[in-house]
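The block underneath contains the structure these notes are about, expressed in structure tokens.
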């Protein structure tokens with residue numbers, strides 16, 4: 001455990017591209033350029049960058065129609081958008097569906113009372129009101145085709161009453177009156193209409209419903225059904241592709257089957273399928289429903305985006321029918337995590353186990369997700385092979401599965417069956433040997449033979465159990481193998497850490513027990529460099545145990561809740577722990593100190609994973625957030641070194657300015673250095689040096705000292721606020737109040753109230769504008785370098801009200817003290833005058 005302390009990691013920063021929940025059900029939109037996804041998360045609306053999965057902005061939900069401008073660029077953290085206009089009383093009933101016209105001029109809303117309203121987006125007023133549906137509106141579609149040289153403007157509406165109505169937006173009788181009648185009524189469905197689409201020329205229309213059919217309508221004369229597409233599933237979304245394939249007009253449909261199907265519209269034949277999550281038919285339980293609730297057509301990338309009932313959003317290429325990207329909207333509780341690597345050892349993917357039978361595999365570069373299906377119940381634990389290429393999963397279905405990489409993802413190559421209860425802990429060989437350990441709630445540990453598994457199996461092979469050992473009297477929470485595969489450690493709810501000697505041939509022998517925890521043990525880990533084991537327990541402590549005599553070497557305390565995960569890093573010199581208090585802590589083993597506390601979770605942190613190069617730590621837990629902590633130790637040290645160099649340079653410049661009596665630049669630099677003591681001494685020196693110099697004050701003079709007056713006249717907004725903050729502090733002391741009052745006098749003579757207010761407003765604006773102003777003055781301002789240093793200083797956190805609240809009481813006290821001093825001076829003058837020639841003086845002369 002010897003090592004240079006400078007090599008220890010002391011700082012980590014949360015990456016802005018951490019995995020966060022972004023969709024829990026409801027409508028989903030995609031901007032027309034395909035760059036941003038807009039989704040609903042509870043009572044909020046989130047804006048996400050599709051390419052990186054990074055949050056851009058969020059909007060608080062409301063019961064009115066509001067206009068929100070989208071941000072122009074991606075900030076470091078998601079911003080909260082502010083609406084610029086609202087439409088009050090948009091509807092007397094809840095709005096269920098909405099649509100925007102192709103020219104972005106109109107917005108249509110359909111409500112639960114069967115009323116459809118059309119709004120002018122620019123003016124914010126209602127242009128049309130359509131009534132007639134006998135139930136809630138379930139679908140809307142704008143159609144603006146050209147016919148015989150004229151453009152038609154139609155709004156198609158579908159309802160729970162199974163009818164589709166076509167309204168003419170040029171009909172004057174429907175404009176905001178509600179008396180307009182439908183141009184046509186399409187009656188053919190026997191269930192709720194969920195999708196409507198019209199061809200570009202307006203001749204062909206399709207309607208899809210939950211009656212499991214899509215009707216193809218000829219709209220050239222009187223609407224009539226010319227074809228019926230038997231979809232064989234409840235249709236939740238349908239549409240027409242803009243471009244014909246081989247002269248065919250293509251219809252897409254999606255529903256409770258979970259796939260997006262492509263059809264030849266006029267022949268009613270299936271021409272392609274875009275699959276959702278493969279293999280989910282074997283998954284048991286309603287929680288794993290994969291039905292599609294809506295489909296978005298991304299024309300910019302030629303993709304169809306299917307939104308599934310389990311909060312998955314999948315991008316399908318129309319050309320290849322393949323999945324190009326998948327976004328998991330909500331992961332629920334994340335219970336375990338593991339990094340997966342390539343042949344080169346680079347961490348390319350992250351596996352997550354959640355409250356689901358499907359394992360999430362995320363690309364660390366693009367955060368594209370894939371789901372591994374195979375387990376029939378919730379996956380509880382993960383582990384990986386020595387090279388990081390194979391993944392092992394344990395589940396409530398009492399099995400463990402081994403997954404190997406193959407083109408297109410990971411595939412199950414082996415299944416371990418034999419436990420009587422859920423598999424809650426795993427440990428795979430650390431040297432690449434062909435065996436695996438599993439622990440179950442049946443309180444046994446099994447050793448499995450994987451020698452016949454190559455990774456190229458088309459079908460999973462059934463692994464053979466080599467040994468079974470009863471380990472604990474309560475649930476086993478954690479397993480770990482030593483780096484040399486010779487020892488196995490277990491942690492269980494019976495508060496014990498047990499150690500076993502492992503024979504690769506298939507025998508396991510108990511060699512010792514570590515006693516000391518007061519509550520159940522949640523995690524155990526072997527050091528990769530020393531003969532010690534770390535354990536984290538529900539008693540909120542981490543303990544290090546010796547493999548030689550099984551005694552406790554060190555105890556780390558600091559978490560306020562159960563320690564759920566622990567691991568070694570930095571060549572065994574440090575520990576990283578995650579706990580139920582939502583914190584991740586980095587510990588220095590040698591001095592038993594907490595080097596860093598990482599806080600980005602709102603609930604228990606169940607999962608912890610460290611990248612192979614230890615540059616990134618992933619923590620995840622019950623808040624459905626997976627945070628990527630990036631090692632910033634070297635970056636922060638470099639920043640400190642740069643700051644130290646800049647400070648030394650500033651000190652030298654300041655001393656040079658004072659030496660040549662260039663007080664103006666010295667004052668500016670002292671402000672930039674944020675050193676109020678030095679600045680006070682400088683002002684006092686300049687003011688005292690000017691006391692013996694008599695000069696008449698003009699209207700443009702402040703305190704009568706040219707150096708100070710010139711500085712205050714040209715002081716930037718940020719520096720003026722800084723100076724006023726220091727003046728407020730100095731004014732609170734009778735010893736330094738003369739300097740404060742002199743500066744206040746100069747500021748109020750040289751700056752108008754409007755200028756002072758503007759300075760406070762400018763100081764609270766983003767720094768980008770101030771930097772632009774600096775660039776404009778660099779060519780002409782001789783003090784540009786000093787002012788640039790001032791910009792880099794910490795911005796003052798003070799408001800005008802706080803300034804006045806601090807100045808006025810003390811200024812009144814100083815004025816009262818001066819008034820009393822003046823009154824006392826009158827008595828002193830009278831006493832001296834009487835002593836010099838008054839009554840007593842005359843009596844003395846007479847006596848003599």
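In full-length UniProt numbering, the protein residues as written are 1 to 848.
All C-beta atoms, glycine included, are put in the ideal place defined by N, C-alpha and C.
Distance cut-off 8 Å: residue 172 Cβ against heavy atoms of the ligand GTP: Only the bare structure without any ligand can be found here, which leaves the ligand GTP out of the picture.
Residue 482 versus residue 527: straight-line alpha-carbon distance, rounded: Indexing the chain shown from 1 puts residue 482 at position 482. Indexing the chain shown from 1 puts residue 527 at position 527. Going by C-alpha positions, residue 482 is about 8 Å away from residue 527.
Three CB pairs or more closer than 8 Å across the region 627-641 and the region 14-33: Touching, yes, given that three or more Cβ pairs across the two stretches are closer than 8 Å.
Backbone CA spacing between residue 376 and residue 358 [nearest angstrom]: One-based indexing of the chain shown puts residue 376 at position 376. One-based indexing of the chain shown puts residue 358 at position 358. If you take the alpha carbons of residue 376 and residue 358, they lie about 9 Å apart.
Inter-residue Cα distance where the pair is residue 5 and residue 525: As a working mapping, residue 5 is identified with position 5 in the chain shown. As a working mapping, residue 525 is identified with position 525 in the chain shown. Low per-residue confidence applies at residue 5: pLDDT is 47, beneath 50, and the placement is therefore not dependable, though the value from the model is reported in the following sentence. Just so you know, the alpha carbons of residue 5 and residue 525 end up roughly 23 Å apart.
Anticipated Cβ contact below 8 Å, residue 644 with residue 657, distance rounded: Position 644 of the chain shown, counted from the first residue, corresponds to residue 644. Position 657 of the chain shown, counted from the first residue, corresponds to residue 657. Contact doesn't hold; Cβ gap of about 21 Å is too wide.
With 16 other Cβ atoms within 10 Å as the buried cut-off, status of residue 850: Outside the displayed range of the chain (1 to 848) lies residue 850, so it cannot be described from this structure.
Selected residue, minimal CA-CA separation from residue 855, among 531, 341, 577, 373: With the chain running from 1 to 848 in the structure shown, residue 855 is simply not present.
For residue 260 and residue 293, believed in contact at Cβ under 8 Å, the rounded distance: For the purposes of this step, residue 293 is identified with residue 293 of the chain shown, where counting begins at 1. For the purposes of this step, residue 260 is identified with residue 260 of the chain shown, where counting begins at 1. In fact, because the Cβ distance is near 12 Å, the residues do not count as touching under 8 Å.
Under 9 Å between C-beta atoms of residue 705 and residue 686: Against the chain shown, residue 705 aligns to sequence position 705. Against the chain shown, residue 686 aligns to sequence position 686. Yes; because the gap between Cβ atoms is below 9 Å, this pair is in contact.
Residues sharing a beta bridge with residue 498, DSSP: Here residue 498 refers to the residue found at position 498 of the chain shown. 490, 513, per the DSSP bridge assignment.
Segment contact, 8 Å Cβ cut-off, at least three pairs: the region 364-372 with the region 56-72: no
Rounded separation between residue 472 and residue 382 - CA only: Here residue 472 refers to the residue found at position 472 when the chain shown is read from its first residue. Here residue 382 refers to the residue found at position 382 when the chain shown is read from its first residue. When rounded, the distance between both Cα atoms is 21 Å.
Neighbour-count burial assignment, residue 748, 16 or more Cβ in a 10 Å radius: For the purposes of this step, residue 748 is taken as the residue at position 748 of the chain shown. Exposed, because fewer than 16 other Cβ atoms sit within 10 Å of the Cβ of residue 748.
Assigned exposure category for residue 511 - 16 Cβ within 10 Å defines buried: Within the chain shown, the letter at position 511 stands for residue 511. Taking all protein chains in view, the Cβ of residue 511 is surrounded by fewer than 16 other Cβ atoms within 10 Å, so the residue is classified as exposed.
Delimiting residues of the beta strand (DSSP E) encompassing residue 405: Against the chain shown, residue 405 aligns to sequence position 405. Segment 399-406, the beta strand (DSSP E) holding residue 405.
Other residues of its chain near residue 205: CB distance less than 6 Å, five sequence neighbours each side excluded: Your numbering for residue 205 matches position 205 in the chain shown. 198, 217, 219.
Between the CA atoms of residue 603 and residue 331 - distance to the nearest angstrom: By one-based count along the chain shown, residue 331 stands at place 331. By one-based count along the chain shown, residue 603 stands at place 603. Looking at the two C-alpha atoms, the distance is approximately 14 Å.
Nearest to residue 405 (by Cα), restricted to the options 276, 185, 342, 111: Position 405 of the chain shown, counted from the start, is the residue given in the question as residue 405. Residue 342 is the option with its Cα nearest to residue 405.
Touch test, the region 301-311 against the region 581-594, Cβ-Cβ under 8 Å, three pairs minimum: No: fewer than three Cβ pairs fall under 8 Å.
Beta-carbon proximity list for residue 83, same chain, < 7 Å, skipping 5 on both sides: Here residue 83 is taken as the residue at index 83 of the chain shown, counted from 1. Excluding residues within five positions, the ones whose Cβ falls inside 7 Å are 66, 67, 68.
Which of helix, strand or coil DSSP assigns to residue 160: For the purposes of this step, residue 160 is taken as the residue at position 160 of the chain shown. In the three-state reduction of the DSSP assignment, residue 160 falls in the coil class.
Cβ pair residue 209, residue 193 closer than 9 Å: Taking the chain shown and counting its residues from 1, the one referred to as residue 209 is at position 209. Taking the chain shown and counting its residues from 1, the one referred to as residue 193 is at position 193. Yes.
Cβ pair residue 635, residue 11 closer than 9 Å: Stepping through the chain shown from its first residue, residue 635 is reached at position 635. Stepping through the chain shown from its first residue, residue 11 is reached at position 11. Yes. Within cutoff.
Segments of 3+ residues assigned as beta strand (DSSP E) that fall wholly inside the region 99-136: Counting only runs of 3+ residues, the beta strand (DSSP E) found wholly inside the region 99-136 occupies 106-111, 116-120, 125-130, in chain order.
Cα-Cα separation between residue 413 and residue 500, rounded to whole angstroms: Translated into the one-based positions of the chain shown, residue 413 becomes position 413. Translated into the one-based positions of the chain shown, residue 500 becomes position 500. Rounded to whole angstroms, residue 413 to residue 500 spans 28 Å at the Cα level.
Selected residue, minimal CA-CA separation from residue 304, among 506, 760, 32, 168: Residue mapping note: residue 304 aligns to position 304 of the chain shown, counting from 1. Checked all of 506, 760, 32, 168; the closest Cα to residue 304 is 32.
Length of the line joining the Cα atoms of residue 117 and residue 50: Looking up residue 117 in the chain shown gives position 117. Looking up residue 50 in the chain shown gives position 50. Approximately 32 Å, taken between the alpha carbons.
Residues bridged to residue 557 [DSSP beta-bridge criterion]: Taking the chain shown and counting its residues from 1, one reaches residue 557 at position 557. Note: residue 557 sits in a beta bridge opposite 541.
Pairwise C-alpha distance: residue 272 and residue 387: For the purposes of this step, residue 387 is taken as the residue at position 387 of the chain shown. For the purposes of this step, residue 272 is taken as the residue at position 272 of the chain shown. Residue 387 and residue 272: Cα-Cα distance of roughly 39 Å.
Residue 77 to residue 622 span [Cα, whole Å]: Looking up residue 77 in the chain shown gives position 77. Looking up residue 622 in the chain shown gives position 622. Cα to Cα, residue 77 sits roughly 21 Å from residue 622.
Assigned exposure category for residue 824 - 16 Cβ within 10 Å defines buried: Start at 1 with the first residue of the chain shown, and residue 824 comes out as number 824. Burial call: exposed.
Option in 551, 378, 557, 709 with minimal Cα separation from residue 352: Here residue 352 refers to the residue found at position 352 when the chain shown is read from its first residue. Its Cα nearest to that of residue 352, the residue 378 stands out among 551, 378, 557, 709.
Extent of the continuous alpha helix (DSSP H) to which residue 631 belongs: Along the chain shown, read from residue 1 onward, the residue named residue 631 stands at position 631. Per DSSP, residue 631 belongs to no alpha helix (DSSP H); it is in the beta strand (DSSP E), 626-631.
Exposed unless 16 or more other CB atoms sit within 10 angstroms - verdict on residue 431: Taking the first residue of the chain shown as 1, we reach residue 431 at position 431. Counting Cβ neighbours within 10 Å, residue 431 comes out exposed, since fewer than 16 surround it.
Simplified DSSP assignment, three categories, for residue 350: As a first step, residue 350 is located in the chain shown; it is residue number 350 there, counting from the start. Strand at residue 350.
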